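Residue numbers (our numbering): 167 to 455.
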Ligand code: SF4
């Protein structure tokens, strides 16, 4: 167990914490069991990032609608943002000036629940650790699914898991529920959730995932001004192929798990837990530069 994880264990034991759960979690974990497991390692509250993704989606649509002549690059993948900033600085201005779902959800929950809560992202991505450091005013730590399991096993071996009653309440995420953006971690998921609003057409979007395809897509985007939106993720298969994912199934199997969870969620939308736009009124959505 490395020092960072030991520190997080200490925080989970002694402080109020919020788990920012990435939307790819159904690839590695069963729902609702994982929610109980997260409470057992000590999280006080658990929220999904899908509410932040909904706010972001709305903002992208507004930006594209108000600037029909401009081309935009999706800023959700920190590895891609760094790659473009370093290799294609002339495209820096095309990266949408909206923070990632992790950062926006962290800002939101700190405002909603209190600055005294520590926020810990749990997801598929190593690059989020650096992004968390760059946004340490709202994100305290970022760990991968593999590291979450490491923490769980360590606490189990040491008889230090919290006793959590298997009540309905404990099996659910705490607040700000949303279903539409559950496809965000899929390659092309952002573009798909925007297409419904009819601001951009399929022909105006480039979807790209995997290191092999990045340069070709960026070249096309630069060359053909008819492309208005580049939905680009560094890992092959999008975040479902992230390095912190445990599951080694083919990508189709992973997508199936996300869609099953999304479908199941459609029938479960308790009003009091649903994340509405009004909850995030006047929240800062901009990237830190
Ligand atoms: S595509 Fe990979 S590097 Fe990019 S956010 Fe997803 S997991 Fe992280």
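Glycine included, every Cβ here is placed at the ideal spot set by N, Cα and C. None of these values were measured; they are calculated from a predicted model.
Margin query: When you measure from the CB of residue 451 to every non-hydrogen atom of the ligand SF4, does any distance come out below 7 Å?
Written below: At a threshold of 7 Å, residue 451 does not count as near the ligand SF4, since its beta carbon sits no closer than that to any of the ligand's heavy atoms.
Checklist line | Limits of the beta strand (DSSP E) - the one that residue 307 falls within | finding: Unbroken beta strand (DSSP E) run through residue 307: 307–310.
Checklist line | Separation of residue 260 from residue 334, as counted between CA atoms | finding: Approximately 45 Å between the Cα atoms of the pair.
Next item on the list: Less than 8 Å between the CB atoms is what I'm expecting for residue 209 and residue 183, so what's the real figure, rounded?
Entry: Rounded to the nearest angstrom, the Cβ distance from residue 209 to residue 183 is 5 Å, consistent with a contact under 8 Å.
Next item on the list: Output the residue ranges of the alpha helix (DSSP H) runs that lie fully inside the region 202–238 and measure 4 residues or longer, sorted by chain position.
Entry: Every alpha helix (DSSP H) stretch that sits fully inside the region 202–238 and reaches 4 residues is listed by chain position as 216–232.
Margin query: Given the structure, does residue 215 come close to the ligand SF4, in the sense that its CB is under 7 Å from one of the ligand's heavy atoms?
Written below: No, the beta carbon of residue 215 sits no closer than 7 Å to any heavy atom of the ligand SF4.
Checklist line | Three-state class that DSSP yields for residue 284 in the structure shown | finding: DSSP places residue 284 in strand when its eight states are reduced to three.
Notebook entry, point to check: Is the CB-CB distance between residue 239 and residue 398 below 8 Å?
Noted result: Yes, these two residues count as a Cβ contact at 8 Å.
Margin query: With a threshold of 7 Å (Cβ to nearest heavy atom), would residue 290 be considered close to the ligand SF4?
Written below: Yes, the Cβ of residue 290 comes within 7 Å of a heavy atom of the ligand SF4.
Next item on the list: Classify residue 230 as buried or exposed, calling it buried when 16 or more other Cβ atoms lie within 10 Å of its own Cβ.
Entry: Buried, by the Cβ-count rule.
Next item on the list: Return the CA-CA distance between residue 286 and residue 308, expressed in angstroms with no decimal places.
Entry: For residue 286 and residue 308, the distance between alpha carbons rounds to 5 Å.
Checklist line | Simplified DSSP assignment, three categories, for residue 186 | finding: The answer is strand: DSSP assigns residue 186 an E or B state.
Item checked: Buried or exposed by the 16-neighbour rule on C-beta atoms within 10 Å, applied to residue 237 -> Looking at its Cβ environment, which holds 16 or more other Cβ atoms inside 10 Å, residue 237 is buried.
Notebook entry, point to check: Cβ-heavy atom distance between residue 244 and the ligand SF4 below 7 Å?
Noted result: The closest heavy atom of the ligand SF4 lies less than 7 Å from the beta carbon of residue 244.
Margin query: Please report the distance separating the alpha-carbon of residue 199 from that of residue 339.
Written below: Taking the Cα positions, residue 199 is about 11 Å away from residue 339.
Next item on the list: Measure how close the beta-carbons of residue 454 and residue 281 come, nearest whole angstrom, since I'm counting them as under 8 Å.
Entry: Going by Cβ atoms, the distance from residue 454 to residue 281 rounds to 17 Å, so no, they are not a contact pair.
Next item on the list: State yes or no: is the C-beta of residue 270 within less than 8 Å of the C-beta of residue 221?
Entry: Against a cut-off of 8 Å, the Cβ pair of residue 221 and residue 270 comes out as a contact.
Next item on the list: Determine the contact status of residue 171 and residue 185, defining contact as a CB-CB distance below 8 Å.
Entry: With contacts defined by Cβ atoms closer than 8 Å, residue 171 and residue 185 do not form a contacting pair.
Margin query: Just to confirm, is the Cβ distance from residue 190 to residue 424 under 8 Å?
Written below: Going by C-beta atoms, residue 190 is nearer than 8 Å to residue 424.
Notebook entry, point to check: Any chance the CB of residue 240 is under 7 Å from a heavy atom of the ligand SF4?
Noted result: No; taking the cut-off as 7 Å, the Cβ of residue 240 has no heavy atom of the ligand SF4 nearer than that.
Notebook entry, point to check: Between the beta-carbon of residue 314 and the beta-carbon of residue 211, is there less than 8 Å?
Noted result: Cβ distance not < 8 Å, so residue 314 and residue 211 don't count as in contact.
Note to self: Can you look up residue 395 in the DSSP assignment and give me helix, strand or coil?
What the structure shows: Note: residue 395 maps to strand in three-state DSSP.
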